[in-house]
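These protein sequence lines map, in sequence, to chains D and H.
In terms of the numbering used here, the numbers along the first sequence are unbroken and rise by one, the last being 472.
In terms of the numbering used here, the numbers along the second sequence are unbroken and rise by one, the last being 472.
What follows is a set of notes on a single structure, which appears directly below.
Protein chains: 2
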Amino acid sequence: MTNIKRLFDGELQVVNMGSKTFAKELAAQGVGVVDVDWQPPAGGDSRLLDALDRLEGREEAEAANREAVERIAAARPVLVDLQAAHRVVPGMTGRTILHAGPPVTWERMCGPMRGAIMGALLYEGWARDEKEAAALAASGEIVFSPCHEHQAVGPMAGIISPSMPVFIIENVTHGNRAFCTMNEGLGKVLRYGAYSPDVISKLKWMETVLAPALREAIQLSGGIDIRAMIAQALHMGDECHNRNKAGTSLLIRTLAPYLVRTATPPDTLAQVLSFIDGNDHFFLNLSMPACKAIMDAAHGIPHSTVVTTMARNGTDFGIRVSGLGDRWFTAPAEIVDGLYFPGYTSADANPDIGDSAITETTGIGGFAMAGAPAIVQFVGGTVADAGRYTNLMYEITLAESRSFTIPQLNFRGTPTAIDLRKVMSTGVLPHINTGIAHREAGVGQVGAGLVRPPRVCFENALLAMAESVK
Amino acid sequence: MTNIKRLFDGELQVVNMGSKTFAKELAAQGVGVVDVDWQPPAGGDSRLLDALDRLEGREEAEAANREAVERIAAARPVLVDLQAAHRVVPGMTGRTILHAGPPVTWERMCGPMRGAIMGALLYEGWARDEKEAAALAASGEIVFSPCHEHQAVGPMAGIISPSMPVFIIENVTHGNRAFCTMNEGLGKVLRYGAYSPDVISKLKWMETVLAPALREAIQLSGGIDIRAMIAQALHMGDECHNRNKAGTSLLIRTLAPYLVRTATPPDTLAQVLSFIDGNDHFFLNLSMPACKAIMDAAHGIPHSTVVTTMARNGTDFGIRVSGLGDRWFTAPAEIVDGLYFPGYTSADANPDIGDSAITETTGIGGFAMAGAPAIVQFVGGTVADAGRYTNLMYEITLAESRSFTIPQLNFRGTPTAIDLRKVMSTGVLPHINTGIAHREAGVGQVGAGLVRPPRVCFENALLAMAESVK
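So, in structure tokens, the structure goes:
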């Protein structure tokens with residue numbers, strides 16, 4: 003009884019969990035109350051709780067996840083070459099166009115993706131003008147397929163057509179390869195759906211001038227360790243998704259001594275170097291396929307609950323899970339919460355788009371924001387928020403990276419290997435930081451910010467996983 | 003009486019200031035005690051307290067300091083050229099050798115400085131071998147003079163001889179210039195006192211191959227804004243004294259498009275680019291003269307108590323103060339507290355040496371460590387320490403930089419313009435991070451760490467300042 007007496011005699015200090023109504027009522031009566039943002043596992047949904055129960059602690063899942071984590075840790079992506087996509091990307095036959103995110107038909111594609119595809123048809127010479135391009139795209143003669151199903155990734159619309167040169171990243175540990183186009187820079191660019199003649203002629207310059215010079219330099223270098231470069235960039239304020247200034251700088255200083263030994267004439271060399279120097283995101287198109295090469299090595303391990311793909315096509319968000327093979331779990335893509343460039347608002351924003359969330363899937367990007375405080379000037383929020391995002395991601399991951407560390411967290415490894423089960427049991431969704439595309443083709447980037455995947459992708463994947471162990 | 007009663011009835015929670023004896027006694031009796039590391043202004047020294055009293059709040063000092071702060075803020079150092087020292091450095095006539103720190107005679111010079119001077123005599127062809135060099139150096143025929151008195155700065159021994167090429171930094175706001183040699187890289191180098199034939203031939207290569215290529219590139223560029231480059235590097239994990247990886251990267255990407263347009267043959271270009279890429283401290287020899295150009299603009303303002311020079315020659319530490327003109331206030335240099343490379347200990351260390359503390363004098367380097375957490379792997383301490391060092395320096399500075407900001411501190415400007423009075427009234431000495439030279443000539447760097455200036459430099463400057471306003 004003494005404790006009860008104390009409770010009623012003393013001043014109340016209340017911790018409220020769950021429904022906020024109690025907290026509000028108490029606060030209104032002047033009672034000190036701390037509101038804990040708690041929710042029951044799996045939102046209290048009994049089907050999901052059953053699925054979680056079935057998957058938690060299963061030795062086959064634990065072993066599979068240890069294997070996945072070990073493969074992620076051991077993978078070493080190296081830039082080895084740069085070739086036309088049709089020569090190296092598997093399944094890139096005939097009139098195939100790859101795009102970002104999960105599968106999507108022409109009819110359901112968003113504005114920027116449609117524009118980018120029309121641009122690719124013009125670039126390939128399959129159409130002579132906008133009208134022909136639109137008709138051809140809608141005709142059924144073009145095969146549209148996700149980059150992710152062809153060992154490739156692409157930022158924003160993520161379009162890869164057969165003639166486009168792609169970086170070749172080889173995971174020298176496991177032997178798999180990943181591909182990505184070169185970054186076009188800012189402003190009016192194909193990946194945001196622009197397809198005007200200047201956009202196409204820049205792509206042609208990249209194919210005929212930039213690519214040959216870079217190809218020769220990369221070959222002379224004998225291979226560039228992109229894992230090591232990402233590790234350094236993370237100590238230099240990049241998170242290697244929306245801040246790539248250090249990565250781009252490191253790439254230039256590494257390539258320059260080889261570039262000057264190529265057959266490229268001096269004026270062209272100067273153009274090539276200025277082009278890369280003029281675009282702090284040039285390195286994004288290397289960090290993305292490096293991450294793809296890492297995560298593909300951990301994909302397809304039976305029973306593993308590690309999320310190996312998060313990708314968006316501007317209409318749908320889709321995830322894939324190591325133990326569930328090539329099945330996509332999709333839901334409508336969200337609008338990004340972020341900072342808009344002058345003159346634009348969220349009304350201009352296309353829903354979340356691009357394969358660049360492969361960085362978060364690998365434990366960098368939004369997962370490494372604690373090490374990239376300057377990025378808040380670009381994606382919004384505070385420096386403290388950036389630290390909190392990273393710290394929160396340890397709740398839903400299985401490991402801390404051995405390669406990628408964060409000085410600000412006393413060199414702790416970044417949160418790596420998202421566990422589908424942890425996402426559902428904690429209710430914490432992955433944090434992705436990303437660029438925002440205008441919803442109309444060709445306007446370009448209108449801002450940058452933060453977004454989370456739709457929860458239902460993870461719910462459906464969890465149910466499928468549980469189904470598979472029945 | 004009620005308060006007294008409460009005091010003796012309740013549990014004591016004591017705040018102890020000053021002598022630690024009281025705190026210890028209380029703690030021994032189980033009393034909660036917080037020990038505040040307080041000391042009386044000027045260490046309680048009555049002469050210094052008088053001097054402080056005389057200088058505090060004087061309108062002429064306040065106005066002079068406002069002017070100094072404004073000049074520091076407005077200064078914009080730009081890299082405009084690279085020329086042989088004898089062509090551009092004032093007073094570099096006949097057999098003059100410049101060195102780091104305050105004035106020092108051959109007899110009192112430390113090992114690394116003697117070695118570097120002997121190397122310079124060999125490099126200039128004024129001596130044919132070690133023996134001749136030592137004899138000439140001791141003969142009185144060579145004029146030794148501090149870099150700082152010739153608008154120049156040099157890391158470690160800081161030797162500048164007439165034939166050495168020097169970067170020319172122009173403060174385009176105020177028109178003054180500053181000079182610094184090119185960084186030779188790591189290992190056996192002149193600035194650590196090495197003078198073997200390979201050291202001299204590398205210096206000759208730098209003079210005859212590296213310098214002409216860089217000179218042409220710098221001239222083609224029309225000038226490179228080093229203030230802007232430092233500002234970016236500070237957002238990329240550099241503090242621009244002992245971590246210059248981002249600065250060096252930014253320099254390479256900026257110079258490369260011009261370098262390839264010079265008349266330099268491709269193989270030489272590759273050597274030049276590889277040489278710079280191989281040395282993450284290359285940018286130090288630009289951040290230092292940029293800081294010198296900034297601080298020289300604030301030097302020589304009557305009544306200003308802003309410290310405009312902190313420099314060491316390996317024997318003495320010296321400071322100069324804006325309002326006290328060219329007078330040096332010196333005291334024996336300290337041993338650096340730091341991390342040693344394998345095989346070395348503090349017994350191998352030369353006392354603090356070099357002009358690189360010009361970075362701290364300008365509010366970067368040790369003053370900006372909060373933005374460079376990765377540096378603790380090099381200079382020791384923890385990431386939290388790095389943040390504390392920066393925060394503490396706001397106690398002794400007059401302003402926050404408008405150009406140089408720290409993302410980790412929510413983009414607060416770095417602590418800038420050390421006020422002699424604040425150093426003495428708070429008892430807080432500037433934090434300098436620095437490389438550690440072996441005490442014998444030519445061994446090279448043996449570690450890196452943190453050091454503070456001798457307090458007596460500031461005491462004597464304060465007394466001189468007070469004297470001047472009698």
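Where is the CB? At the ideal position from N, CA and C, for every residue including glycine.
In this text, all values refer to a predicted model and were calculated from it rather than measured experimentally.
Complete alpha helix (DSSP H) runs within the stretch 233 to 287 of chain H (minimum length 4 residues, chain order): 247 to 261 and 268 to 279
Taking the continuous alpha helix (DSSP H) assigned at H/ASN393, which residues delimit it? The count along the second sequence starts at 1 and reaches residue 393 of chain H at position 391. Its alpha helix (DSSP H) spans residues 385 to 395.
Please compile the residues from chain H whose C-beta is within a distance smaller than 8 Å of the C-beta of D/LEU275. As a first step, residue 275 of chain D is located in the first sequence; it is residue number 273 there, counting from the start. Per Cβ cutoff of 8 Å: ARG255, ALA258, PRO259 and VAL262.
Output needed for H/ALA442: all residues of its chain with C-beta closer than 6 Å, excluding positions within five of it in sequence on either side, in chain order. Position 440 of the second sequence, counted from the first residue, corresponds to residue 442 of chain H. The question names Ala, but residue 442 of chain H is Glu in the sequence shown. Closer than 6 Å at the Cβ level, and outside the excluded window around H/GLU442, lie GLY113.
Partner residues on chain H for D/ASP298, Cβ-Cβ distance less than 9 Å: Taking the first sequence and counting its residues from 1, one reaches residue 298 of chain D at position 296. Per Cβ cutoff of 9 Å: no residues; D/ASP298 is ~30 Å from chain H at best.
Which residues does DSSP list as the beta-bridge partners of H/ARG423? By one-based count along the second sequence, residue 423 of chain H stands at place 421. Note: H/ARG423 sits in no beta bridge, so no partner.
Residue of D/ALA65, D/ALA386, D/ALA139 and D/PHE380 minimising C-alpha distance to D/LYS247: Here residue 247 of chain D is taken as the residue at index 245 of the first sequence, counted from 1. Nearest of D/ALA65, D/ALA386, D/ALA139 and D/PHE380 to D/LYS247, Cα basis: D/PHE380.
6 Å CB neighbourhood of H/ARG73 in its chain, flanking five on each side removed: Residue mapping note: residue 73 of chain H aligns to position 71 of the second sequence, counting from 1. These residues qualify, in order along the chain: ALA299 and ALA300.
Suppose the cutoff is 7 Å on Cβ atoms and the five residues either side in sequence are ignored; what does the same chain contact list for D/ARG56 look like? Counting from one through the first sequence, the residue named residue 56 of chain D turns up at place 54. For D/ARG56, where only same-chain residues beyond five positions count, the Cβ hits under 7 Å are ALA468 and VAL471.
Whole angstroms is fine: what's the gap from D/ALA265's alpha carbon to D/HIS305's? If you number the first sequence from 1, residue 265 of chain D lands on position 263. If you number the first sequence from 1, residue 305 of chain D lands on position 303. Near 51 Å, if we compare the C-alpha coordinates of D/HIS305 and D/ALA265.
Please tell me whether D/MET238 has its Cβ less than 7 Å away from any Cβ of chain H. Position 236 of the first sequence, counting from 1, holds the residue named residue 238 of chain D. Yes, its Cβ sits closer than 7 Å to a Cβ of chain H.
D/VAL36 vs D/ALA29 beta-carbon contact at 7 Å: One-based indexing of the first sequence puts residue 36 of chain D at position 34. One-based indexing of the first sequence puts residue 29 of chain D at position 27. Against a cut-off of 7 Å, the Cβ pair of D/ALA29 and D/VAL36 comes out as no contact.
Applying the criterion that 16 or more other CB atoms from any shown protein chain within 10 Å of the CB defines a buried residue, is D/ASN412 buried or exposed? For the purposes of this step, residue 412 of chain D is identified with residue 410 of the first sequence, where counting begins at 1. With fewer than 16 Cβ atoms within 10 Å of its Cβ, D/ASN412 is classed as exposed.
Does DSSP classify D/THR317 as helix, strand or coil? Looking up residue 317 of chain D in the first sequence gives position 315. It is coil, neither helix nor strand.
Determine, using beta carbons only, whether H/SER473 comes closer than 7 Å to chain D. Only positions 3 to 472 of chain H appear in the structure, and residue 473 of chain H is not among them; the question remains open.
Considering only residues of the stretch 23 to 59 of chain H, which uninterrupted alpha helix (DSSP H) runs meet the minimum length of 4 residues and lie entirely inside it, listed in chain order? 48 to 57
Can you name the start and end residues of the alpha helix (DSSP H) that D/ASP200 belongs to? Sequence index remark: in the first sequence, residue 200 of chain D carries index 198 (1-based). Looking at the DSSP string, the run of the alpha helix (DSSP H) that includes D/ASP200 is 199 to 207.
D/MET238 versus D/LEU271 - alpha carbon distance: Position 236 of the first sequence, counted from the start, is the residue given in the question as residue 238 of chain D. Position 269 of the first sequence, counted from the start, is the residue given in the question as residue 271 of chain D. Computed Cα separation, rounded: 27 Å.
Strictly under 7 Å for the Cβ-Cβ distance: is H/PRO268 near chain D by that measure? As a first step, residue 268 of chain H is located in the second sequence; it is residue number 266 there, counting from the start. Chain D contact via Cβ: present.
Would you say H/GLN221 reaches chain D, if we count a Cβ-Cβ gap shorter than 7 Å as a contact? Within the second sequence, numbered from 1, the residue matching residue 221 of chain H stands at position 219. No, its Cβ sits nowhere closer than 7 Å to a Cβ of chain D.
Thinking C-alpha only, which one of D/ASP350, D/GLY356 and D/LYS26 is nearest D/TYR342? Along the first sequence, read from residue 1 onward, the residue named residue 342 of chain D stands at position 340. When each option's Cα is compared against that of D/TYR342, the closest is D/ASP350.
Thinking just about the alpha-carbon of each residue, which of H/PRO353, H/VAL174, H/ASP83 and H/THR95 is nearest to the one in H/ALA215? Numbered from its first residue, the second sequence carries residue 215 of chain H at position 213. That would be H/ASP83, whose Cα lies nearest to the Cα of H/ALA215.
Given a limit of 7 Å on CB to CB distance, which residues of the stretch 394 to 419 of chain D reach chain H? PRO409, GLN410 and ASN412
Does any C-beta atom of chain H lie closer than 7 Å to the C-beta of D/VAL385? In the first sequence, residue 385 of chain D corresponds to position 383, counting from 1. Closer than 7 Å to some Cβ of chain H, the Cβ of D/VAL385 qualifies, so yes.
Under three-state DSSP, which class holds D/LEU464? Translated into the one-based positions of the first sequence, residue 464 of chain D becomes position 462. Here D/LEU464 sits in helix by DSSP.
Is the CB-CB distance between H/LEU286 and H/ASN185 below 7 Å? As a first step, residue 286 of chain H must be located in the second sequence, where it is residue number 284. As a first step, residue 185 of chain H must be located in the second sequence, where it is residue number 183. A contact, by the Cβ cut-off of 7 Å.
Rounded to a whole number of angstroms, what is the C-alpha to C-alpha distance between H/VAL445 and D/THR418? One-based indexing of the second sequence puts residue 445 of chain H at position 443. One-based indexing of the first sequence puts residue 418 of chain D at position 416. So the two alpha carbons sit approximately 43 Å from each other.
Under 7 Å by beta carbon: chain D residues contacting H/LEU252: As a working note, residue 252 of chain H is residue 250 in the second sequence. Chain D residues near H/LEU252: SER251.
Check distances from the C-beta atoms of the stretch 192 to 223 of chain D to those of chain H and list, in chain order, the residues that come in under 7 Å. none
Roughly how many angstroms separate the alpha carbons of H/ALA213 and H/ALA53, rounded to a whole number? Numbered from its first residue, the second sequence carries residue 213 of chain H at position 211. Numbered from its first residue, the second sequence carries residue 53 of chain H at position 51. Distance between the alpha carbons of H/ALA213 and H/ALA53 is about 49 Å.
Using a Cβ-Cβ cut-off of 7 Å, state whether H/ALA248 counts as contacting chain D. Locating residue 248 of chain H in the second sequence gives position 246, counting from the first residue. At least one chain D Cβ lies under 7 Å of H/ALA248.
Within this structure, are the beta carbons of D/ASN481 and D/ASN435 separated by less than 7 Å? The structure shown does not extend to residue 481 of chain D, since chain D is modelled only from 3 to 472, so the question has no answer here.
Relative to the alpha-carbon of D/ILE224, which residue among D/THR256, D/GLU362, D/ASP47 and D/ILE337 has its alpha-carbon at the smallest distance? To locate residue 224 of chain D, count along the first sequence from 1; it is residue 222. In the sequence on display, residue 224 of chain D carries Gly and not Ile. Among D/THR256, D/GLU362, D/ASP47 and D/ILE337, the Cα nearest to that of D/GLY224 belongs to D/THR256.
Taking CB distances under 7 Å as the criterion, tell me whether D/ALA1 reaches chain H. In the structure as shown, chain D begins at 3 and stops at 472. Residue 1 of chain D is therefore absent and cannot be evaluated.
If contact means a Cβ-Cβ distance below 7 Å, which residues of the stretch 350 to 379 of chain D contact chain H? PRO375 and ALA376
According to DSSP, is H/ILE303 part of a helix, a strand, or is it coil? Taking the first residue of the second sequence as position 1, residue 303 of chain H is located at position 301. H/ILE303: coil per DSSP, three-state reduction.
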